[in-house]
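Engineer: Counting in UniProt numbering, the sequence shown runs from 1 upward without gaps.
From the three backbone atoms N, C-alpha and C, an ideal C-beta is built for every residue, glycine too.
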Amino acid sequence: MFLARLKIASVWRRFLAEIVDFFLLHVFKILIVFFLANYFDIIDESRLTLTYMISNILYDETFSFPLELICIELGYLITSIAFESFCLTRYGATPGKRLLRLRVLKCDHPQMQENGDLTIEPVTTLTSGAAFTRSTFKCLMATFLFPALIVALFTSQYRQTNYDMAANAVVVAIEPRE
1 MFLARLKIAS VWRRFLAEIV DFFLLHVFKI LIVFFLANYF DIIDESRLTL TYMISNILYD
61 ETFSFPLELI CIELGYLITS IAFESFCLTR YGATPGKRLL RLRVLKCDHP QMQENGDLTI
121 EPVTTLTSGA AFTRSTFKCL MATFLFPALI VALFTSQYRQ TNYDMAANAV VVAIEPRE
């Protein structure tokens, strides 16, 4: 059994890691959307001009979204959940978290020390089920209940968000020890 003393990740490092992951996934999304839109002629460019929208402002169809775009968005959500689940299961972190030296660990029995260290016993990465649960809850919470995410992050003892609690996970900083 492996015992580790780790620091709980700061909010700003988690935020920066999310920005990196957001940027990477959205670059991927934009490339896929442009490819699909050009290859399958999904988007009618004439409907995306400002003059078209202004001239048709009184009509309901101006603000309607084509079914194809909704399907692309759902595909993107599924891809982002699968990507994050894979990264958490395989590496214990997404690319943004790895860049900022953060890890997502399974945390059944955490113990806080006087110096602020967190003792986790045993130290393991998330299982595929826990990673999928965390990623799915994260997607749903970010989409529908973002304020609850922020409140949980700042009020929980181990800086856990709702999706961390659902997966029994904690985000820790990997710091070199003397």
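1) Using only alpha-carbon positions, find the residue among Y91, K7 and I81 that is nearest to F132.
2) Name the two residues that bound the continuous alpha helix (DSSP H) containing L102.
3) Relative to the C-alpha of V67, which candidate in E84, G96 and A37 has its C-alpha closest?
4) Tell me, which residues are paired with residue 233 by DSSP?
5) Comparing C-alpha positions only, which one of M141, F144, V104 and K138 sits nearest to T125?
6) Along the chain, where does the alpha helix (DSSP H) that runs through T79 open and close?
7) Any idea if T161 is buried or exposed, counting beta-carbon neighbours within 10 angstroms, 16 or more meaning buried?
8) Report yes if the CB atom of A169 is closer than 8 Å to the CB atom of C107, and no otherwise.
9) Do you know offhand how far D164's Cα is from I54's?
10) Give every residue of the same chain whose Cβ lies closer than 7 Å to the Cβ of A93, excluding the five residues on either side of it in the sequence, and list them in chain order.
11) What whole-angstrom Cβ distance do R159 and I8 have, given they're in contact under 8 Å?
12) Cα-Cα, which of R90, F144, S10 and E175 is closest to S128?
13) Sorted by chain position, which residues of the same chain lie with C-beta nearer than 8 Å to L139's C-beta, five sequence neighbours on each side aside?
14) Taking only three categories from DSSP, how would you classify T125?
15) Helix, strand or coil: how does DSSP classify I30 here?
16) Would you mind giving the Cβ-Cβ distance between L100 and L25, rounded to the nearest angstrom? I have them listed as a contact below 8 Å.
17) Buried or exposed, going by whether 16 or more other CB atoms sit within 10 Å of the CB of V11?
18) Helix, strand or coil: how does DSSP classify L6 here?
Structural biologist: Well, looking at it:
1) One-based indexing of the sequence shown puts residue 132 at position 132. Looking at the Cα atoms, I81 is the closest of the given residues.
2) Looking up residue 102 in the sequence shown gives position 102. First-last for L102: L102 to K106, but that is the beta strand (DSSP E), not the alpha helix (DSSP H).
3) The residue you call residue 67 lines up with position 67 of the sequence shown. The displayed chain sequence assigns Leu, not Val, to residue 67. If we check each option's Cα against that of L67, A37 comes out closest.
4) Since the first residue shown for the chain is 1 and the last is 178, residue 233 is missing from the structure and cannot be characterised.
5) Along the sequence shown, one-based indexing puts residue 125 at 125. Checked all of M141, F144, V104 and K138; the closest Cα to T125 is V104.
6) Translated into the one-based positions of the sequence shown, residue 79 becomes position 79. That run of the alpha helix (DSSP H) goes L67 to Y91.
7) Position 161 of the sequence shown holds residue 161. Label assigned to T161: buried.
8) Mapped onto the sequence shown, residue 169 falls at position 169. Mapped onto the sequence shown, residue 107 falls at position 107. Closer than 8 Å, so yes.
9) As a first step, residue 164 must be located in the sequence shown, where it is residue number 164. As a first step, residue 54 must be located in the sequence shown, where it is residue number 54. Cα to Cα, D164 sits roughly 45 Å from I54.
10) The residue you call residue 93 lines up with position 93 of the sequence shown. C87, L102, R103 and V104.
11) In the sequence shown, residue 159 corresponds to position 159, counting from 1. In the sequence shown, residue 8 corresponds to position 8, counting from 1. Right, their Cβ atoms sit about 5 Å apart.
12) Residue 128 sits at position 128 when you count from the first residue of the sequence shown. Minimum Cα distance to S128 is reached at R90.
13) By 1-based counting over the sequence shown, the position of residue 139 is 139. Looking at the sequence itself, residue 139 is Cys, so the reference to Leu does not match. Excluding positions up to five away in sequence, the list reads L77, S80 and I81.
14) Locating residue 125 in the sequence shown gives position 125, counting from the first residue. Residue state, collapsed to three classes: strand.
15) On the sequence shown, position 30 is the one that residue 30 refers to. Residue state, collapsed to three classes: helix.
16) As a first step, residue 100 must be located in the sequence shown, where it is residue number 100. As a first step, residue 25 must be located in the sequence shown, where it is residue number 25. With 8 Å as the limit, L100 and L25 do not qualify as a contact, their Cβ atoms being about 16 Å apart.
17) In the sequence shown, the residue the question calls residue 11 occupies position 11. Exposed.
18) Residue 6 sits at position 6 when you count from the first residue of the sequence shown. Three-state DSSP puts L6 in a strand.
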